[in-house]
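Chains as they are written, first to last, in the working numbering: chain X, 20 to 275; chain Z, 7 to 263. Beneath this line is the structure, given in structure tokens, with notes to follow.
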Amino acid sequence: MIDVKHLTKAYGSFVAVKDVSFRAEKGQILGFLGPNGAGKTTTMRIITGFMPATSGTVEIDGLDIFNNSLEARRRIGYLPENPPLYMDMRVETYLRFVAKLRGVKRAEIDGAVEHVLQVAGLTDMAGRICGQLSKGYRQRVGLAQALVHNPPVLVLDEPTIGLDPRQIHEIRELIRGLAGDRTIVLSTHILPEVSQICDKVVIINDGRVALEEMIKDIPEGTSLEEVFLHAIAREGHAESASAEETLEEMGAGHSA
Amino acid sequence: MRNTITIAGKELAGYFVQPVAYVVLTVFILLGGWFFFAMLRQFDEMVQLVQMMGQPDTLRQMNLNTRVIDPLLHDLSVVLVIVMPALTMRVFAEEKRSGTYELLLTAPVRTGEIVAGKFLAAAAFTLVMVALAWIFPLILIVFGNPEVGVMFAGYLGLFLLALSFVAVGLFTSSLTQNQIIAAISSFGILILLFVISWPAEAGGGVVWALLKYLSLPEHFSTMTRGVIDTSDVVFFLSVVATALFLTQRSVESARWR
Numbered sequence: 020m021i022d023v024k025h026l027t028k029a030y031g032s033f034v035a036v037k038d039v040s041f042r043a044e045k046g047q048i049l050g051f052l053g054p055n056g057a058g059k060t061t062t063m064r065i066i067t068g069f070m071p072a073t074s075g076t077v078e079i080d081g082l083d084i085f086n087n088s089l090e091a092r093r094r095i096g097y098l099p100e101n102p103p104l105y106m107d108m109r110v111e112t113y114l115r116f117v118a119k120l121r122g123v124k125r126a127e128i129d130g131a132v133e134h135v136l137q138v139a140g141l142t143d144m145a146g147r148i149c150g151q152l153s154k155g156y157r158q159r160v161g162l163a164q165a166l167v168h169n170p171p172v173l174v175l176d177e178p179t180i181g182l183d184p185r186q187i188h189e190i191r192e193l194i195r196g197l198a199g200d201r202t203i204v205l206s207t208h209i210l211p212e213v214s215q216i217c218d219k220v221v222i223i224n225d226g227r228v229a230l231e232e233m234i235k236d237i238p239e240g241t242s243l244e245e246v247f248l249h250a251i252a253r254e255g256h257a258e259s260a261s262a263e264e265t266l267e268e269m270g271a272g273h274s275a
Numbered sequence: 007m008r009n010t011i012t013i014a015g016k017e018l019a020g021y022f023v024q025p026v027a028y029v030v031l032t033v034f035i036l037l038g039g040w041f042f043f044a045m046l047r048q049f050d051e052m053v054q055l056v057q058m059m060g061q062p063d064t065l066r067q068m069n070l071n072t073r074v075i076d077p078l079l080h081d082l083s084v085v086l087v088i089v090m091p092a093l094t095m096r097v098f099a100e101e102k103r104s105g106t107y108e109l110l111l112t113a114p115v116r117t118g119e120i121v122a123g124k125f126l127a128a129a130a131f132t133l134v135m136v137a138l139a140w141i142f143p144l145i146l147i148v149f150g151n152p153e154v155g156v157m158f159a160g161y162l163g164l165f166l167l168a169l170s171f172v173a174v175g176l177f178t179s180s181l182t183q184n185q186i187i188a189a190i191s192s193f194g195i196l197i198l199l200f201v202i203s204w205p206a207e208a209g210g211g212v213v214w215a216l217l218k219y220l221s222l223p224e225h226f227s228t229m230t231r232g233v234i235d236t237s238d239v240v241f242f243l244s245v246v247a248t249a250l251f252l253t254q255r256s257v258e259s260a261r262w263r
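Right, here's the structure in full:
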């Protein structure tokens, strides 16, 4: 469970994230959408404890990421915007290092590393040096490191970026398969991705939540693209509209 | 503790796949070899000169420790001032640049453990460097009869000095994501700590005494002369502790900025 409440992040006078609140339940995949520079990465960095919020709180399974940081961080698997690879390490050595760092028990490390290598389709690449991998494989190693300690919460910043269509398909299947009783937040630019694998969508624009809605509650015949464009078109509004309002307006627009 | 060892292990393995570390090691040993050669030549000439002049008393007073090892250690300490910043500049700066900093800081690991792990690895590499420089005393032991205890004290001094360089280097590396900036600022601080006592040479008073106390060569020289004084050891260890504390605060600051 991820509970984000009234998150605000200011860099000097520039406010990147303004009063963002949303919630992802256990077993849910939450798609985090927004134009470039909307504050997605900043929000994810705060959720994972990489940087503090100016105000507001984040709870991971009820643990505050700031006050109960170590325990909360233990539960998170995080794939940052750029896969955090040590370019001179071999894939397997790297994953073993991350497993140890995230507190996987000594006896379970072999199994855990082998498992994620297999899950991410990296078994043949285990002995390769990270720096020599293609972008797609680096992304997979990034995903593998996020999974290696079998975390209940996954935060994935654009997990399918840089992959070819077949790999995108594979990774989506993989993420869908991971859901189970995990909580997953993923950010993306690819709208169909959200409708395909997510249970819930949160659209942010200019640092504010423009829409928070269950995928199943989006009326049939309305594409996510329409919802997205409509949501971010309300730029400058002080109060973000509720999902119902956005959808109603859209409905009105259609009938008019 | 386990996390510290995990990070130290990864870092240490990193040194041995990085060309920078090998370059640092090679430059250090090669220059050391050249200084050693020069010192021996001078020593040799001096001995011949004194012999020719027929002064057996002076000849008896001349020894390898003061004429060769002591100046050699001082030369090596200057080489360290130049090469150590190159060794430590990447430690944090590169992680910040490549994005692996996010991995480290979002892992369930305390910042103190990260800093300790990185310091231990750099310290281990430094130990290898200083140990390899024992080749020079070994040559003297084989071909002459220097005092081993004095040389040991001097090398301990060199190691402690290098450790304080490492700690300062880690600190400057933690401040930036630019390795050059990290190296130059560490270089600047080390040079300053080397010359800080210069204005104090003539004067007296508390301020001058303090400057003198802060001077690295001041404490190092005592050890190269063969004296292991607790106060000097404590001085070096406090430089290390202070720099590591600042590093920890600097890394931790990412969490409250």
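Every residue gets a Cβ at the ideal spot worked out from N, C-alpha and C, and that includes glycine. Predicted model, so just to flag it, every value in this text is computed and none were measured.
Could you please give me the residues that DSSP links to residue i through a beta bridge?
i, result
"X/GLY96", "X/LEU173"
"X/THR76", "X/LYS24"
"X/ALA29", "X/VAL34"
"X/ASN224", "X/ARG227"
"X/ARG42", "X/ASP22"
"X/MET108", "Beta-bridge pairing links X/MET108 to no other residue."
"X/LYS219", "X/LEU49, X/MET233"
"X/ASP83", "X/GLU78"
Kindly indicate if chain X contains any beta-carbon less than 9 Å away from that of residue i.
i, result
"Z/SER256", "no"
"Z/TYR28", "no"
"Z/LEU31", "no"
"Z/ALA260", "yes"
"Z/ASN9", "yes"
"Z/ILE13", "yes"
Under 8 Å by Cβ, that's how I've got residue i and residue j pegged, so tell me the actual separation to the nearest angstrom.
i, j, result
"Z/ALA159", "Z/PHE125", "Between Z/PHE125 and Z/ALA159 the Cβ distance is about 24 Å, and since that is not below 8 Å, they are no contact."
"X/LEU98", "X/THR62", "Contact flag wrong, Cβ pair sits at about 15 Å."
"X/GLN215", "X/ARG191", "6 Å"
"X/GLU244", "X/SER206", "In fact, because the Cβ distance is near 17 Å, the residues do not count as touching under 8 Å."
"X/VAL160", "X/LEU141", "6 Å"
"Z/ALA188", "Z/MET95", "4 Å"
"X/PRO102", "X/ARG157", "5 Å"
"Z/THR178", "Z/SER170", "Incorrect: roughly 13 Å between the Cβ atoms, too far for contact."
"Z/PHE251", "Z/HIS225", "Rounded, the Cβ-Cβ distance is 20 Å, inconsistent with contact."
"Z/GLY163", "Z/MET229", "3 Å"
"X/ASP107", "Z/GLN24", "7 Å"
"X/LYS45", "X/MET70", "Contact doesn't hold; Cβ gap of about 25 Å is too wide."
Would you verify that the beta carbon of residue i is, or is not, closer than 9 Å to some beta carbon of chain Z?
i, result
"X/PHE69", "yes"
"X/PRO171", "no"
"X/LEU120", "yes"
"X/PRO238", "no"
"X/TYR156", "no"
"X/ARG159", "no"
"X/ARG64", "yes"
"X/THR112", "yes"
"X/GLN164", "yes"
"X/PRO102", "yes"
So residue i contacts chain Z; which residues on that side make the cut at Cβ distance below 8 Å?
i, result
"X/VAL117", "LEU109, ALA113"
"X/MET106", "SER104"
"X/ASN86", "Here the premise fails: no neighbours, minimum Cβ distance about 12 Å."
In chain Z, which residues lie less than 9 Å from residue i when you measure between Cβ atoms?
i, result
"X/ASP143", "Neighbours of X/ASP143 on chain Z: none; closest Cβ ~22 Å, over 9 Å."
"X/LEU89", "PRO114, VAL115, ARG116"
In chain Z, which residues lie less than 7 Å from residue i when you measure between Cβ atoms?
i, result
"X/ARG93", "PRO114"
"X/ILE178", "In the sequence on display, residue 178 of chain X carries Pro and not Ile. Residues of chain Z passing the Cβ test: none, with the nearest at roughly 15 Å."
"X/PRO99", "GLY105, GLU108"
Identify the contact partners of residue i in chain X, using a Cβ-Cβ distance below 7 Å as the criterion.
i, result
"Z/LYS16", "PHE116"
Counting only Cβ pairs nearer than 9 Å, list the residues of chain X close to residue i.
i, result
"Z/GLY20", "TYR105, ASP107, MET108"
In chain X, which residues lie less than 8 Å from residue i when you measure between Cβ atoms?
i, result
"Z/GLN24", "ASP107"
Secondary structure, beta strand (DSSP E): runs of 3+ residues fully inside the segment 14-68 of chain Z: None, since the segment 14-68 of chain Z contains no complete beta strand (DSSP E) of that length.
4 or more residues per run - each alpha helix (DSSP H) lying fully within the segment 125-196 of chain Z: Fully enclosed alpha helix (DSSP H) runs of 4 or longer: 141-149, 154-180.
Segments assigned alpha helix (DSSP H), at least 4 residues, entirely inside the segment 130-209 of chain X: Annotation: the segment 130-209 of chain X contains the following complete segments of the alpha helix (DSSP H) (minimum length 4 residues), in chain order: 154-166, 184-197.
Start-end ranges of the beta strand (DSSP E) lying completely within the segment 211-261 of chain Z, minimum 3 residues: Counting only runs of at least 3 residues, the segment 211-261 of chain Z fully encloses no beta strand (DSSP E) element at all.
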